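Residue numbers (my numbering): 12 to 436.
No residue lacks a Cβ here, since even glycine has one placed at the ideal position from N, Cα and C.
As the structure is a computational prediction, the values presented were derived from the model and not from experiment.
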Amino acid sequence: MDKAKRIDRLKDLVIVLLFVSALLLLYRAVFYETPSPFTRFLSGSTAETDGTATAATLSTKPATVLVTGLDGTHTAAKYDSDARDKLLTAFSASLGEALGSAGDARSVSDDEWHSALRGSGVFFDYLYPQPLSVIAASLGTTAKDSVASTFARRLCLSIGEDSVRLYYIGADGGIFRCSTALSASSLSAKLGDYRGGEAKYAFELGGEYAAIDPCFIFSGEDTKLQAVSAANPLTESGELTKLFTIFGMSAHASSGYIEKGGSVVYVEGSKSLRMDNNAGSVLFSVADGSGVSIAHSGELTTAEIVAACAGICKASIGADAGAAELTLVSCETDNMTGATDVNFAYAIAGIPVTLADGAPAATFKVSGSSIIRAELCFRRYSYTGETLTAPPETTAAAIAKAGGGEPLLTYDDRSDGVAASWIVR
């Protein structure tokens, strides 16, 4: 065989190999899912957790920050997001250091708690109990073991004689105090910039406000919010493929059928995905315990559960939320069944969103180490450039004082638009 024929045969062989390779690629494209950006959170049917980092991106900004200066006056930011961010910039590092050095927690009385709130320090209100491990992670530190597994909504850094103490209200309503390594002189130096504030706690006013939440803050701010519009992004192309990937289902292996109400249901083995495009709702469930498994090392922790659910939120409704963020509302375990329910809500610039039916933005049920049910409500919020004005805090408090409770300013997402309104909880 001469040299020219050998070259021709080699060319033919290369062509055959390229053709076979092309067929293999086509087969994979038709019968297997293409990797997507969501594989950073999910791989196959396993929810990957990167410590508490995923949860920290969704649920760790306080809705209210109040600073009590050295003169004993309070300066608060509840509705002005720029003012709140400014206070967070000034005192987030202090909170992180306190969480990273917290000593053993000791139960304290209401009187001591109120005394701490009156004294020089910083108060943070997250609206809903948050894992302190997640808050610490968002601040670039690690919570001390003494508080890492604790859930708390309200925290206070209070300056004593020569130290700073961390106070918090736990998820069960108990009040606790921890020592910290935070420098009293360092925190005092920052507090020296805040004088003449006009904010008040309800417990300081007493009298006619005695029935409402003692820690409700009359901030003195204008109750004005940036106006937003709302839309349903679930109808957009590509959402279904995302959801299949998130819940470990194959778009090509799943069979779909239309229910009487118009929802489309996709089934693959024991997994089902129900989509109502008109309502913007999605329901994932499994007929057995083989849902989306949560990656963990050793015994599954609450922080890992929250992080896994938050990862799904971020990859689905969070990716389409526009001006809104997601915040953790609750994480509760049933002592009888061992199942854990996790709920998230939308918030815009720290102000919670009330959906039309009062439901959360996302609800998860975890059994064993798997997510066996997830309900998602897709909403996209956009700033309109206009302003919404609600009745002042005093009016809301006057309405609430008859039955007690806590007035809360929210974005009310109605069928006819988004308004600013007060609710009492």
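Item	Value
Rank Ile316, Ala101, Val435, Gly379 by C-alpha distance to the C-alpha of Thr365 and give the top, closest one.	Val435
So the candidates are Ser378, Ala360, Lys325; which of them puts its Cα closest to the Cα of Thr351?	Ser378
Which of the three DSSP states is assigned to Phe389 in this structure?	coil
Taking three-plus beta-carbon pairs below 8 Å as touching, is the region 236-255 in contact with the region 291-304?	yes
Nearest to Glu108 by alpha carbon, out of Leu143, Tyr139, Lys89?	Leu143
Count the other C-beta atoms from every protein chain shown that fall within 10 angstroms of the C-beta of Ser149, then say buried if there are 16 or more, exposed otherwise.	buried
Using DSSP with H/G/I as helix, E/B as strand and the rest coil, what is Pro142?	strand
Could you tell me the alpha carbon to alpha carbon distance between Val303 and Tyr137, rounded to whole angstroms?	29 Å
What does the alpha-carbon distance come out to for the pair Ser47 and Ala262?	Here Ser47 scores only 31 on pLDDT, less than 50, and its place in the model is too uncertain to base an answer on.
Can you tell me whether Glu172 is buried or exposed, with buried defined as 16 or more other CB within 10 angstroms of its CB?	exposed
Throw me the rounded Cβ distance for the Ile359 and Tyr277 pair, which I believe falls under 8 Å.	Their Cβ separation, rounded to whole angstroms, is 32 Å, which puts Ile359 and Tyr277 out of contact at 8 Å.
Determine whether the beta carbon atoms of Gly132 and Ile186 lie at a separation below 7 Å.	no
Less than 7 Å between C-beta atoms, sequence neighbours within five positions excluded: which residues of the same chain meet that for Ile180?	Ala163, Arg164, Arg165, Ile186
If I measure Cβ to Cβ from Val353 and keep anything under 6 Å in the same chain, skipping five residues before and after, which residues do I get?	Cys320, Cys342, Phe375
Compute the beta-carbon to beta-carbon distance between Leu202 and Val78, rounded to the nearest angstrom, for a pair I have assumed lies under 8 Å.	7 Å
In the structure shown, what three-state DSSP assignment does His307 receive?	coil
In the DSSP output, which residue or residues are listed as bridge partners for Asp368?	DSSP lists no partner for Asp368.
On the DSSP bridge list, what partners appear for Ala318?	Beta-bridge pairing links Ala318 to no other residue.
So is Ser230 buried or exposed if we call it buried at 16+ other beta carbons inside 10 Å?	buried
At the level of alpha carbons, what is the spacing between Ala154 and Gly111?	5 Å
Just how far apart, CA to CA, sit Leu419 and Val175?	30 Å
Quick check: the region 400-408 against the region 216-229, are there 3 or more CB pairs under 8 Å?	yes
Please classify Met260 as buried or exposed, where buried requires at least 16 neighbouring CB atoms within 10 angstroms.	buried
Can you look up Cys189 in the DSSP assignment and give me helix, strand or coil?	strand
Suppose you measure from the CA of Phe355 to the CA of Ile328; what does that come to, to the nearest Å?	11 Å
Alpha carbon to alpha carbon, what distance is there between Ala373 and Ile383?	14 Å
Consult DSSP for Asp427 and reduce its assignment to one of helix, strand or coil.	coil
Rounded to the nearest angstrom, how far is the Cβ of Leu168 from that of Ser118, given a contact under 8 Å?	The pair is not a contact, with the Cβ atoms about 19 Å apart (cut-off 8 Å).
Under 7 Å, do Ala335 and Asp424 count as touching if we go by C-beta distance?	no
Rounded to the nearest angstrom, what separates Thr234 and Thr152 at their Cα positions?	34 Å
Per DSSP, what are the beta-bridge partners of Asp11 in this structure?	Any question about residue 11 goes unanswered here, given that the chain covers just 12 to 436.
In the DSSP assignment, find the beta strand (DSSP E) that holds Asp352 and state where it starts and stops.	351-359
Hey, is Ala101's beta-carbon within less than 7 Å of any beta-carbon in chain C?	Although the question refers to chain C, the structure presented lacks it and comprises just one protein chain.
With H, G and I counted as helix, E and B as strand and the rest as coil, what does DSSP make of Glu123?	helix
Taking the alpha carbon of Ser190 as the reference point, which residue from Ile257, Glu215, Val145, Ala113 has its own alpha carbon closest?	Ala113
Have a look at Gly273 and Asp299 and give me their C-alpha separation to the nearest angstrom.	26 Å
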